[in-house]
Amino acid sequence: MLKCPNCQSRDIGRLAANQYYCWNCFIELTINGDHFLTHQVEEDGSLSSLDDLFSEDERRIQDSF
Ligand SMILES: [Zn+2]
36 MLKCPNCQSR DIGRLAANQY YCWNCFIELT INGDHFLTHQ VEEDGSLSSL DDLFSEDERR
96 IQDSF
């Protein structure tokens, strides 16, 4: 199971092969190697990056696949 780097929730839904969505805090998580890229979906549907809110350590994917 994946864990959200923002809210630590495990309520993560899969959108695409490497793309996930946190149903708890509503951010999109894209797997990029061993890290997540984090995006917030704006009201107009565009994505804004949240990566600078997290350290590399926080965005590291802890669970192996
Ligand atoms: Zn979350």
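The sequence shown runs 36 to 100 under our numbering.
Backbone N, C-alpha and C define an ideal beta-carbon position, used for all residues, glycine too.
Nearest candidate by alpha-carbon position, reference residue i, set the options
| i | options | result |
| --- | --- | --- |
| GLY48 | TRP58, PRO40 and ASN41 | TRP58 |
| LEU72 | GLU78, GLN54, PHE61 and CYS60 | GLN54 |
C-alpha distance - residue i paired with residue j, whole-angstrom precision
| i | j | result |
| --- | --- | --- |
| SER90 | ASN41 | 11 Å |
| LEU82 | LEU64 | 11 Å |
| ASP69 | ALA51 | 17 Å |
| LYS38 | GLY80 | 24 Å |
| SER44 | TYR56 | 11 Å |
| GLN97 | VAL76 | 24 Å |
Distance cut-off 7 Å: residue i Cβ against heavy atoms of ligand 1
| i | result |
| --- | --- |
| ILE66 | no |
| ILE96 | no |
| SER84 | no |
Unbroken alpha helix (DSSP H) run spanning residue i, endpoints
| i | result |
| --- | --- |
| GLU63 | No alpha helix (DSSP H) contains GLU63, which is instead part of the beta strand (DSSP E) from 62 to 67. |
| GLN94 | The residue asked about is misnamed: residue 94 is Arg in this sequence, not Gln. 91 to 94 is the extent of the alpha helix (DSSP H) around ARG94. |
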